[in-house]
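Residues in the sequence shown are numbered from 9 upward in steps of one, following our numbering. Backbone N, C-alpha and C define an ideal beta-carbon position, used for all residues, glycine too. The model shown is predicted, which means the values in this text are computed figures rather than measured ones. The structure appears right after this line, and notes come after that.
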Amino acid sequence: MSKRNRQDFEYIKLITNSEEIFTEEKAKAMKLHHQQHEDNDIFSDDICFEIISMLDDSWFILNNCTLISKQFCQVIKERSKLVIQFKKPLTERRVELLRKSQFMNCIVNVKFNEMLLELRENIKFISEMKQLTSLDVSDNEIGNVGAKHISEMKQLTSLNICNNRIGDEGAKFISEMQQLTLLDISDNHIGDKGVKFISEMKQLTSFNISDDLIGNVGAKSISEMQQLTSLDVSDNHIGDSGVKFISEMKQLTSLNIAINRVGDEGAKLISEMKQLRSLNISDNELGDEGVKFISEMKQLRSNCLGIVQQN
Numbered sequence: 009m010s011k012r013n014r015q016d017f018e019y020i021k022l023i024t025n026s027e028e029i030f031t032e033e034k035a036k037a038m039k040l041h042h043q044q045h046e047d048n049d050i051f052s053d054d055i056c057f058e059i060i061s062m063l064d065d066s067w068f069i070l071n072n073c074t075l076i077s078k079q080f081c082q083v084i085k086e087r088s089k090l091v092i093q094f095k096k097p098l099t100e101r102r103v104e105l106l107r108k109s110q111f112m113n114c115i116v117n118v119k120f121n122e123m124l125l126e127l128r129e130n131i132k133f134i135s136e137m138k139q140l141t142s143l144d145v146s147d148n149e150i151g152n153v154g155a156k157h158i159s160e161m162k163q164l165t166s167l168n169i170c171n172n173r174i175g176d177e178g179a180k181f182i183s184e185m186q187q188l189t190l191l192d193i194s195d196n197h198i199g200d201k202g203v204k205f206i207s208e209m210k211q212l213t214s215f216n217i218s219d220d221l222i223g224n225v226g227a228k229s230i231s232e233m234q235q236l237t238s239l240d241v242s243d244n245h246i247g248d249s250g251v252k253f254i255s256e257m258k259q260l261t262s263l264n265i266a267i268n269r270v271g272d273e274g275a276k277l278i279s280e281m282k283q284l285r286s287l288n289i290s291d292n293e294l295g296d297e298g299v300k301f302i303s304e305m306k307q308l309r310s311n312c313l314g315i316v317q318q319n
């Protein structure tokens, strides 16, 4: 089997749209079928895995391969890593179906599309996905209560919680997730107080706090996160004095500081960040001198050379 097929199976994409994950009737049928074929295993587990790995239709795998035999079902449960995207609101019934699912512990990556209030009321159930390492709950208005529930998920390493109105209090809860390496907390009404909490997360390498309320004081707090390699602080209130702190982050290779209050002095400071490979400084207050400073950053990738045109 090709390496590509193995990788495809490692992250099965399970899209829940009009379908329900498992109904009670489906579960009963599966149990009966397994009882009838319990002693008919003719392949090793490895061969079962090879067969399943050749399929790229995750719904087919879950709705059909799990019915082949108890062995196939067990192999799927033990070896698959499910990536799930929910497109419908999480009603109480859907949450209950998920909880009863045999595959809850196979889920490693979850994304919720824009939802209704059902998500906020039932978000605690996500913590029952014990293998989950990546979670996207953007655009769901879960508030600081939802942030508190999510902060209890100590196995997560990647979290997108943008546009959820969690505020500074929610940021404090999220800051307790010391295992996170990637965090998108943009558009959450977070100010200098909230980002101070986040600055204690010394394991983060990628951080997006765009479209929030941080100023120069918040920029100083961010500069204490010396492990960051990627930072997005666009659409905030950072001026040249805040840029001074950010320019001291010598490990950064990617910086988005668009839509702030950066002038020529700030541009000069940024131009001294020789390790940068990607920079967006558009929609600031640069004059000709500032543009000249940025244009001299020869190490920037070619697709970053037009970013000063809007200044």
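Three-state class that DSSP yields for residue i in the structure shown
| i | result |
| --- | --- |
| residue 286 | strand |
| residue 215 | strand |
| residue 247 | strand |
| residue 277 | helix |
| residue 51 | coil |
| residue 269 | strand |
| residue 124 | With a pLDDT of 48 at residue 124, under the threshold of 50, the predicted position of this residue should be treated as unreliable, though the coordinate-derived value follows. Here residue 124 sits in coil by DSSP. |
| residue 30 | At residue 30 the pLDDT is 49, less than 50, meaning the model places this residue with poor confidence; the figure from the coordinates comes in the next sentence. Residue 30 falls in the coil class under three-state DSSP. |
| residue 75 | helix |
| residue 291 | coil |
| residue 262 | strand |
| residue 240 | strand |
| residue 296 | helix |
| residue 174 | coil |
| residue 253 | helix |
| residue 302 | helix |
| residue 102 | helix |
| residue 307 | coil |
| residue 187 | coil |
| residue 223 | coil |
Sheet register partners of residue i (DSSP bridge)
| i | result |
| --- | --- |
| residue 117 | 91, 142 |
| residue 207 | According to DSSP, residue 207 bridges with nothing at all. |
| residue 168 | 144, 192 |
Among the options, the one whose alpha carbon lies nearest that of residue i
| i | options | result |
| --- | --- | --- |
| residue 183 | 171, 272, 167 | 167 |
| residue 160 | 297, 173, 175, 138 | 138 |
| residue 86 | 112, 103, 102 | 112 |
| residue 108 | 136, 163, 57 | 136 |
| residue 301 | 189, 285, 271 | 271 |
| residue 192 | 216, 181, 179 | 216 |
| residue 293 | 269, 299, 305, 173 | 269 |
| residue 226 | 238, 245, 213 | 245 |
| residue 121 | 171, 262, 158, 203 | 171 |
| residue 157 | 248, 165, 178, 147 | 178 |
| residue 56 | 84, 299, 155 | 84 |
| residue 95 | 145, 163, 273, 162 | 145 |
| residue 165 | 180, 190, 284 | 190 |
| residue 116 | 54, 251, 296, 88 | 88 |
8 Å contact criterion, which residue i and residue j should meet: CB distance rounded
| i | j | result |
| --- | --- | --- |
| residue 276 | residue 307 | With 8 Å as the limit, residue 276 and residue 307 do not qualify as a contact, their Cβ atoms being about 16 Å apart. |
| residue 206 | residue 231 | Their Cβ separation, rounded to whole angstroms, is 12 Å, which puts residue 206 and residue 231 out of contact at 8 Å. |
| residue 224 | residue 240 | Not quite, the Cβ-Cβ distance comes to about 17 Å (not below 8 Å), so this is no contact. |
| residue 218 | residue 194 | 4 Å |
| residue 143 | residue 118 | 5 Å |
| residue 214 | residue 288 | Contact flag wrong, Cβ pair sits at about 15 Å. |
| residue 174 | residue 203 | Actually they are not in contact, since the Cβ atoms of residue 174 and residue 203 sit about 12 Å apart, beyond 8 Å. |
| residue 114 | residue 90 | 5 Å |
| residue 63 | residue 69 | 6 Å |
Open item on the list: Tell me whether the stretch 142 to 151 and the stretch 197 to 213 touch, counting them as touching only if at least three CB pairs, one residue from each stretch, are closer than 8 Å.
Closed with: Too few Cβ pairs lie closer than 8 Å, so no.
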